[in-house]
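In my numbering, the protein residues as written are 2 to 498.
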Amino acid sequence: MAQRALVLYALGSPELSVGDAYKARILIDTAQCTDGNRLTDDVRLVIGMKLFAAAGFQQQSSLEVITEADREIEALALEIWTILLHALAAANAYKDLAATMKRAVTLFGDKLPQDMPDLGAIRHKIHVKVEAAQQGLLTAKERQVSVRTGSIFSRPYPWLTTELLQRPGKLISIMTEQMNYFSEGKCTIRKSPSQQSLDQALGDDVLGVYATRDLSKGEVLFKDSTTTAVSGSEKDRCALCCTRVSTPNRVKCACCWTFFCSQACLAAASLTGHLAECGSSMIYAGFGKEDHTKYTRRARAKLLMRYLAFIVQHMRTVDNPHLHPLQVHPISRLTPKYTGSGIVPFSLLDDIVQPLSMLTTLGIDIFADLCFHTWVLMTMRLRLKNNIVGLTLNAANNKDYVHGLFPLMAVLNHSCDSHVRYNREAVSATIALRAVRDIVEGEGIFTSYLPDQDMELLERRASLMAWLGTECMCSRCVKEEKCMRAEDAASMRVMMP
């Protein structure tokens, strides 16, 4: 595992190197424990057998074996920590690097390689990032994300085959049938020549929503529900649809403390991952009190846990040993942003520690089960991040929100001159999509990925980089760009003598 982390680092995938190095660190930390648990015994046994074979299977005293094993474990620990530190530096995760380096200095002192950056140099880089964030036009939340996280390139990994990257025809047919049903025949799904087709990694697997008849302004196109929503205030909300439920009306799960608003929600949850998640005690720790993004981060962590539970439950119940996690229905229907210019934030806690803890909670052997390798988890997180929808339930309470993935909404492409707006239905995690202007039959239907429709051109394009990975070329942006260039040309003519 440590060697694979080293290879991945050399191949230019620091985030994958961090994942393998962190798992190797768990193993080596376990080997150094003295509580005598099974994993500790297994790790020390493997190391002992390796040393026994290296000595030509010659008989040694117990003291000699233990002493040599301790030396080997210490050498391996130093190697693993060194790889982890180098990988974090390559991922520009200086906050994580500083915390990891501080502990490494405590453990190894002068034994650390001379080429490792010292804490002073790391803190200087963090200070530079803070100054750069403060000089930019960023909100408090955006500044915290910029300083707290590292940055990696968003790209399809070499192991992401066409079968895992693109949606099969059968799935597209199912999605089309669902759109026709829930829109009552008003909308359909088909391949789209939208600006997102600039993404070469997705090939022609770019879908769009189209009107099948003339639609009037204010008309409801469809209602979309999610079975994987999370709320920031889950204490009094249904675990499935996030409807607020009073204590007398709660429907409690028979085998854990989770409650729902109805038997229907309990039954739906049992089919979409709750059986795998039931009784788990996943703790979403590590979010500081001063972290303005902690509610969003916790929500995304909970959402990932829901999807992992769904996938694990599905893989355990479907008689298909070759089924890959990325081929399970909730994830396979989503597409990520895979343009080469895309840079996404990276965090040791959010991207490595929490997902591995979730898998362990769900009974997955994170050391042996390569179905859930780091590249698979990173791909899932990219798909979730690119399709998540946030709904505010109470404007006066920033904890009172719902984050979820809405399967029909996820097919809509972006335009800054959108055709529709969505709003939450009643108090549940159901949204209604309404036309904001007349739409003619055959016209593509677009939504806006931006919360503020009054942003200027440059500000919109900068914000949309997170989804499109390139400059937005919708009709509104193209028109405003032409006007801007014409105004600049006119200004230049006035200034010329």
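Every residue, glycine too, gets a C-beta built ideally from N, C-alpha and C. What you are looking at is a predicted structure, and each value in this text was computed from that prediction instead of being measured.
1) Pull up the DSSP beta-bridge partners for residue 462, would you.
2) Please look up how many angstroms separate the CB atoms of residue 180 and residue 210, rounded, as I've assumed it's under 8 angstroms.
3) State whether the region 344-351 contacts the region 368-378, with contact taken as three or more CB pairs (one from each stretch) at a distance under 8 angstroms.
4) Please report the distance separating the alpha-carbon of residue 458 from that of residue 481.
5) Which residues does DSSP list as the beta-bridge partners of residue 192?
6) How many angstroms separate the CA atom of residue 267 from the CA atom of residue 252?
7) Could you give the C-beta distance for residue 188 and residue 213, rounded to a whole number, given that I count them as a contact under 8 angstroms?
8) What's the C-alpha gap between residue 69 and residue 75?
9) Which ranges would you report for the alpha helix (DSSP H) in the region 338-425 if only whole runs of at least 4 residues count?
10) Since residue 5 is in the alpha helix (DSSP H), which residue starts that stretch and which ends it?
11) Expressed to the nearest angstrom, what Euclidean distance is found between the alpha-carbon atoms of residue 239 and residue 449?
12) Could you give the uninterrupted runs of the beta strand (DSSP E) lying entirely in the region 212-287, keeping only those of 3 residues or more?
13) I'd like the span of the beta strand (DSSP E) that includes residue 436, first residue to last.
14) Per DSSP, what kind of secondary structure is residue 151 in: helix, strand or coil?
15) Just to confirm the assignment, what range does the alpha helix (DSSP H) spanning residue 27 have?
16) Mind checking residue 4: buried by the 16 CB within 10 Å criterion, or exposed?
17) So, helix, strand or coil for residue 83, using DSSP?
18) Given a cut-off of 7 angstroms on the beta-carbon distance, is the pair residue 376 and residue 85 in contact?
19) Using a 10 Å radius around the Cβ and a threshold of 16 neighbouring Cβ atoms, would you call residue 15 buried or exposed?
20) Can you tell me which residues form a DSSP beta bridge with residue 448?
21) Assign residue 374 to one of two classes, buried (16 or more other C-beta atoms within 10 Å of its C-beta) or exposed (fewer than that).
22) With the cut-off set at 7 angstroms, would you say residue 22 and residue 6 are in Cβ contact?
23) Between residue 363 and residue 281, which are expected to be in contact by the criterion C-beta below 8 angstroms, what is the C-beta distance as a whole number of angstroms?
24) Please confirm whether residue 466 has its beta-carbon closer than 7 angstroms to some beta-carbon of chain C.
25) Cα-Cα, which of 387, 103 and 183 is closest to residue 409?
26) Would residue 403 and residue 304 qualify as a contact pair, given that the criterion is a beta-carbon distance under 7 angstroms?
27) Let's test the definition: count the other Cβ atoms within 10 Å of the Cβ of residue 200 and tell me whether it reaches 16, buried, or not, exposed.
28) So residue 445 packs on residue 193, CB below 8 angstroms; how close in whole Å?
Looking at the coordinates:
1) Stepping through the sequence shown from its first residue, residue 462 is reached at position 461. Partner(s): none; residue 462 has no beta bridge.
2) Locating residue 180 in the sequence shown gives position 179, where the first residue counts as 1. Locating residue 210 in the sequence shown gives position 209, where the first residue counts as 1. Residue 180 to residue 210, Cβ: 7 angstroms. Contact.
3) no
4) Start at 1 with the first residue of the sequence shown, and residue 458 comes out as number 457. Start at 1 with the first residue of the sequence shown, and residue 481 comes out as number 480. Each residue's Cα considered, the two are about 7 angstroms apart.
5) On the sequence shown, position 191 is the one that residue 192 refers to. Looking at the DSSP assignment, residue 192 forms a beta bridge with 208.
6) For the purposes of this step, residue 267 is taken as residue 266 along the sequence shown, with counting starting at 1. For the purposes of this step, residue 252 is taken as residue 251 along the sequence shown, with counting starting at 1. Between residue 267 and residue 252, the C-alpha separation is close to 8 angstroms.
7) Reading the sequence shown from its first residue, position 187 is the one you call residue 188. Reading the sequence shown from its first residue, position 212 is the one you call residue 213. Rounded, the Cβ-Cβ distance is 6 angstroms, consistent with contact.
8) The residue given as residue 69 occupies position 68 in the sequence shown. The residue given as residue 75 occupies position 74 in the sequence shown. Answer to the nearest angstrom: the Cα atoms are 10 angstroms apart.
9) 355-362 and 375-388
10) Within the sequence shown, residue 5 is the residue found at index 4, counting from 1. From DSSP, the alpha helix (DSSP H) with residue 5 extends over 3-11.
11) Position 238 of the sequence shown, counted from the first residue, corresponds to residue 239. Position 448 of the sequence shown, counted from the first residue, corresponds to residue 449. Spanning the two alpha carbons is a distance of roughly 29 angstroms.
12) 221-226 and 230-232
13) Within the sequence shown, numbered from 1, the residue matching residue 436 stands at position 435. It spans 431-436 - the beta strand (DSSP E) in which residue 436 sits, taken as one unbroken run.
14) Residue numbering aside, residue 151 sits at position 150 when the sequence shown is read from its first letter. Strand at residue 151.
15) Locating residue 27 in the sequence shown gives position 26, where the first residue counts as 1. Here the alpha helix (DSSP H) through residue 27 covers 15-32.
16) For the purposes of this step, residue 4 is taken as the residue at position 3 of the sequence shown. It counts as exposed.
17) Counting from 1 along the sequence shown, the entry for residue 83 is found at position 82. Helix, per DSSP.
18) Residue numbering aside, residue 376 sits at position 375 when the sequence shown is read from its first letter. Residue numbering aside, residue 85 sits at position 84 when the sequence shown is read from its first letter. Cβ distance not < 7 angstroms, so residue 376 and residue 85 don't count as in contact.
19) Taking the sequence shown and counting its residues from 1, the one referred to as residue 15 is at position 14. So residue 15 counts as buried.
20) Reading the sequence shown from its first residue, position 447 is the one you call residue 448. Looking at the DSSP assignment, residue 448 forms a beta bridge with 415.
21) Working through the sequence shown from its first residue, we reach residue 374 at position 373. With 16 or more other Cβ atoms within 10 Å, it is buried.
22) Position 21 of the sequence shown, counting from 1, holds the residue named residue 22. Position 5 of the sequence shown, counting from 1, holds the residue named residue 6. Yes, Cβ-Cβ distance for residue 22 and residue 6 is below 7 angstroms.
23) For this step, residue 363 is matched to residue 362 along the sequence shown. For this step, residue 281 is matched to residue 280 along the sequence shown. With a Cβ gap of about 7 angstroms, residue 363 and residue 281 count as contacting.
24) Here there is only one protein chain, and chain C is not present.
25) Counting from 1 along the sequence shown, the entry for residue 409 is found at position 408. The option with the nearest alpha carbon to residue 409 is 183.
26) Counting from one through the sequence shown, the residue named residue 403 turns up at place 402. Counting from one through the sequence shown, the residue named residue 304 turns up at place 303. Going by C-beta atoms, residue 403 is not nearer than 7 angstroms to residue 304.
27) Residue numbering aside, residue 200 sits at position 199 when the sequence shown is read from its first letter. For residue 200, the predicted structure reports a pLDDT of 46, less than 50, and the residue's modelled location is therefore unreliable. A value from the coordinates is still provided. Residue 200 is buried by the Cβ-count criterion.
28) Along the sequence shown, one-based indexing puts residue 445 at 444. Along the sequence shown, one-based indexing puts residue 193 at 192. Contact flag correct, Cβ pair sits at about 7 angstroms.
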